[in-house]
Each structure stands twice: as C-alpha cells, then as structure tokens.
Amino acid sequence: MKRIAVLASGRGSNFEAIARNVREGRLEAEIAALVVNNPEARALEIARDYGIRAISLPSKGVDSDAYAAMVRDALAPLHVDLICLAGFMRRVGAPLLEAYPMRILNIHPSLLPSFPGLNVQQQAIDYGVKYSGCTVHFVDAGLDTGPIVAQAAVPVLDDDTAETLAARILVEEHRIYSEAIALVLSGAYRIEGRRVIRTRAAEAAG
Ligand code: GRF
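One point on numbering: in our numbering, the residue at position 195 of the sequence shown is 1189, and numbering is uninterrupted.
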C-alpha cells in the first residue's frame, strides 16, 4: 500500500475529503501522517476523528529552508511515497523539494496558470473571467508553477462573491484531488516537459 503525508495549515476540508475517500475505499492509500505548521489548524481535529497520526511543527519564525528540513526529518521515518499539500500556506523550501522530487502535489483554487498566489477567487471575479476552477499540480520551486496533473472548471456567476465562488470550486477540489493522487500513486503517467501524460495502464484502469 502506498503511503501519503498531507500538509495543511487550516480548515482541512481537502484533507478530510482525502481521509474519507481512503476510509471508504475509493482511494487506495494509507495516510501516514498529517503535518500542520499551525498548531490551531482545524485539520488536527479531523486527524483525531479519523485516527490519523498528526504532527504539529509550528513554522512561525522559521525560514522556508529550515522549515522544509524539519518536515523532511519528521517524515523520514514514515517512508511516504507522496506528499500532498492541502491548504498549506507556506512555500516549500529546497530541502523538501530535493527529498521528494516530483513527489509533492498541491491543490490550488484557480485554473492555473491564471491567478497563482492568494485570494484568487476574488481575483477571478475582479478580472471578469467566466470560468474558474481548481488545479492539482506537482510542486516545484516556483509559485504554483509545477506540471499540471488535473483540473476542473466551474462557471463564475454574475452575483458571485469570493465565498460563493470558493464554495463551488471546493466541491471540485474534493473530487479531483483524490483522483490525481490515485493517478500519481499508480505511476501510470509520464512527464514530458510541463505535460503530465497518462500511460496506457491508467487508461485501462479508467
Ligand atoms: C483550498 O481552496 C485549496 O485549494 C487552497 O487552500 C484551500 C484549503 O482549504 N490551497 P482546506 O483547508 O482544504 O479546507
């Protein structure tokens, strides 16, 4: 069984969706640990409810590289195959990127490369796009720039607020993140340049 670690900073709804899919047998994986950089994260309560090991590593006052080395060292004994960022509000420093090359995923609430960064639902509304959505991508040293594994689009409605748009996008986040994790854990893809291409085995498995 492949093992994943989830890194979160707050509410943890994506973490919960992944944990539920694992528990209900829709995602074949073991969640080896939840790591939070914020000791107040609600994700910790979800880990408790699901009986998942939780590791609280406060990041306040720690620079990105030092923090990445802390996370790397905490995860080393757990032998995880894949790290999944789920609302993790820190840049991932080089020590973690080097320890898990193309083995860290992130979920972002826009259709990248549009609107990287923060407060992106409001940015999408202000720009006037008619569709937004979410993206699961590999994490590299840039800001939301790594190869794209999965995307889903939702309409932006005339009366949307950042909150209503975020809620519509979140439904899709909860669906595509587990699907993308399953694909990556299956190994049935190859990366050509920026493109993540499914190989036959994944197509056969649906
Ligand atoms: C999600 O919108 C995710 O795309 C973004 O941060 C938010 C986290 O929400 N990276 P949650 O903590 O998973 O509920």
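For glycine and all other residues, C-beta sits at the position ideal for the given N, C-alpha and C. From a predicted model like this one, the values you see are computed outputs, not experimental measurements.
Would you kindly check if the distance between the Cβ of residue j and the Cβ of residue i is under 8 Å?
{"i": "Gly1081", "j": "Arg1036", "result": "no"}
{"i": "Ala1174", "j": "Leu1076", "result": "no"}
{"i": "Asp1134", "j": "Gly1111", "result": "no"}
{"i": "Glu1018", "j": "Ile1040", "result": "no"}
{"i": "Ala1068", "j": "Ile1049", "result": "yes"}
{"i": "Ile1101", "j": "Glu1167", "result": "yes"}
{"i": "Val1143", "j": "Val1190", "result": "yes"}
{"i": "Leu1105", "j": "Gly1136", "result": "no"}
{"i": "Leu1079", "j": "Leu1021", "result": "no"}
What are the boundary residues of the alpha helix (DSSP H) that residue i is part of?
{"i": "Leu1179", "result": "1156-1180"}
How far does the beta strand (DSSP E) with residue i in it reach, from first residue to last?
{"i": "Leu1079", "result": "1076-1079"}
{"i": "Arg1189", "result": "1189-1192"}
{"i": "Arg1084", "result": "First-last for Arg1084: undefined, no H or E at that position."}
Could you round the C-beta distance between residue i and residue j to whole angstroms and report it? I think they count as a contact, below 8 Å.
{"i": "Ala1026", "j": "Val1065", "result": "Their Cβ separation, rounded to whole angstroms, is 13 Å, which puts Ala1026 and Val1065 out of contact at 8 Å."}
{"i": "Tyr1044", "j": "Ala1013", "result": "5 Å"}
{"i": "Leu1177", "j": "Lys996", "result": "About 12 Å; that fails the 8 Å criterion."}
{"i": "Pro1103", "j": "Ala1160", "result": "6 Å"}
*asked:* Suppose only complete runs of 4+ residues qualify. What are the alpha helix (DSSP H) ranges in the segment 1086-1141, listed by chain order?
replied: Runs found: 1088-1093, 1114-1121.
*Kindly confirm or deny that the segment 1050-1068 and the segment 1031-1041 touch, where touching means at least three C-beta pairs closer than 8 Å.*
With the cut-off at 8 Å, the segment 1050-1068 and the segment 1031-1041 touch.
_Entirely enclosed alpha helix (DSSP H) segments - the segment 995-1062, minimum 4 residues_ = Restricted to the segment 995-1062, the alpha helix (DSSP H) segments that are unbroken, complete and at least 4 residues in length are 1007-1017, 1037-1044, listed in chain order.
*asked:* Within 8 Å, do at least three Cβ pairs link the segment 1118-1132 to the segment 1080-1094?
replied: With contact defined as three or more Cβ pairs closer than 8 Å, the segment 1080-1094 and the segment 1118-1132 are not in contact.
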